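Visitor: Got a structure here, written out as C-alpha cells. Questions coming.
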Amino acid sequence: MELILIAAVAANGVIGSNNAVPWQMPGEQMRFKETTWGHCLLMGRRTWDSIGRALPGRHSIVVTRNTAFQPDDCEVVHSLAEGIKAARSRLETKLFVIGGEQLYGMALSLADTLILTRLEQAFVGDAFFPPFSSPPFQLMKTEQINGPIPYQIETWRRRSA
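Residue numbers are given in UniProt numbering: position 108 of the sequence shown equals residue 108, and the series is strictly consecutive.
Printed below as a string of C-alpha cells:
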C-alpha cells in the first residue's frame, strides 16, 4: 500500500489557522477530490472536526487519543500504526494522510509519496507542514497554476535505498 501525504502549504509552511485553512483556492478542492476519490483518508481528530463530515467516495479513518470519540460516519483508531493497519485490512492500494500537523509529522518518515500544493504567498497560521529533505525524497513532477494565489503542485517520491 502506498502511503501518501497530501497537503496545501503556504510559502512559510503554514497549513492551518485556528483549525481552518486560511485561504480559498479555486479548483484546489476539486483536484483534492479527484486525487483521493475511492481511497482511504487518514486524519487527526481536529482535521476531522474542521471538515465536519465524511467526504463522499472515500473511507475516513480518524486518529485520536480520545476513546469516547465515536462518530457514525468514520472509522476511529488511536495511533498512526492502527490507521495504517485499518487501511491495509481494507486491501487499500493508497492511503492519503490529509492532516493535521501532528499526523503529518508522524507519517513523514513512513511516506512513499508527498503531493504538495505550494502556495507562492505566506499566511498567518498555527499549524505547519513538517520540513523534509531531498534525499530521501526526490521531486518527480511540478505543475504551475496561475490564479489569484499562484501555486505549484509538486509530487515527491521516496528514493529507493
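Cβ atoms here follow ideal geometry from the backbone N, Cα and C, with glycine treated the same way. Note that the structure is predicted; figures quoted are calculated from it, not measured.
Decide if Arg28 is buried, meaning its Cβ has at least 16 other Cβ atoms within 10 Å, or exposed.
Guide: The sequence given here places Glu at residue 28; Arg does not occur at that position. Buried, by the Cβ-count rule.
Visitor: The alpha helix (DSSP H) that contains Leu116, what's its start and end?
Guide: Taken as a continuous stretch (DSSP letters only), Leu116 belongs to no alpha helix (DSSP H), being part of the beta strand (DSSP E) at Thr113 to Leu119.
Visitor: Given a cut-off of 9 Å, decide if Phe96 and Thr155 are closer than it, judged by their beta-carbon atoms.
Guide: Cβ distance not < 9 Å, so Thr155 and Phe96 don't count as in contact.
Visitor: Do three or more CB pairs link the region 45-63 to the region 109-119 at distances below 8 Å?
Guide: Counting Cβ pairs under 8 Å, fewer than three are found: no touch.
Visitor: With DSSP run on the structure shown, which of helix, strand or coil describes Thr36?
Guide: Three-state result, Thr36: helix.
Visitor: Are the Cβ atoms of Ser17 and Ala127 separated by less than 9 Å?
Guide: Yes, Cβ-Cβ distance for Ser17 and Ala127 is below 9 Å.
Visitor: Which residue's Cα is closest to the Cα of Leu103: Gly125, Arg46 and Arg88?
Guide: Considering only alpha carbons, the answer is Arg46.
Visitor: Is Gly99 buried or exposed, if buried means 16 or more other CB atoms sit within 10 Å of its CB?
Guide: Buried.
Visitor: For Glu75, tell me which candidate among Leu139, Gln24, Gly44 and Ser50 has the shortest Cα-Cα distance.
Guide: When only C-alpha atoms are compared, the closest one is Gly44.
Visitor: Apply the 10 Å Cβ neighbour rule to Glu143 and answer buried if 16 or more other Cβ atoms are within range, or exposed otherwise.
Guide: The residue is exposed, with fewer than 16 neighbouring Cβ atoms inside 10 Å.
Visitor: Might you give, ordered along the chain, the residues of its own chain that have their beta carbon closer than 6 Å to the beta carbon of Asn19, omitting 5 neighbours on each side?
Guide: Around Asn19: Arg46 and Ser50.
Visitor: For Gly125, which residues in the same chain have their Cβ closer than 6 Å to its Cβ, ignoring the five residues on either side in sequence?
Guide: The residues are Val14, Gly16, Ser17 and Pro22.
Visitor: Counting only the same chain and skipping the five closest in sequence on each side, list residues whose C-beta sits under 6 Å from that of Leu41.
Guide: Contacts found: Arg58, Ser60, Phe96 and Ile98.
Visitor: Glu101: buried (16+ other C-beta within 10 angstroms of its C-beta) or exposed?
Guide: The residue in question, Glu101, is buried, as its Cβ has 16 or more Cβ neighbours within 10 Å.
Visitor: I'd like the list of long-range same chain contacts for Pro135, defined as Cβ closer than 7 Å, with 5 residues on each side in sequence excluded.
Guide: Answer for Pro135: Arg159, listed in chain order.
Visitor: Can you list, in chain order, the residues of its chain whose CB lies under 8 Å from that of Phe69, leaving out five sequence neighbours each side?
Guide: Closer than 8 Å at Cβ, skipping near neighbours: Arg45, Val62 and Val76.
Visitor: How should Gly83 be labelled, buried or exposed, when 16 other C-beta atoms within 10 angstroms of its C-beta is the threshold for buried?
Guide: Its Cβ being crowded by 16 or more others within 10 Å, Gly83 is buried.
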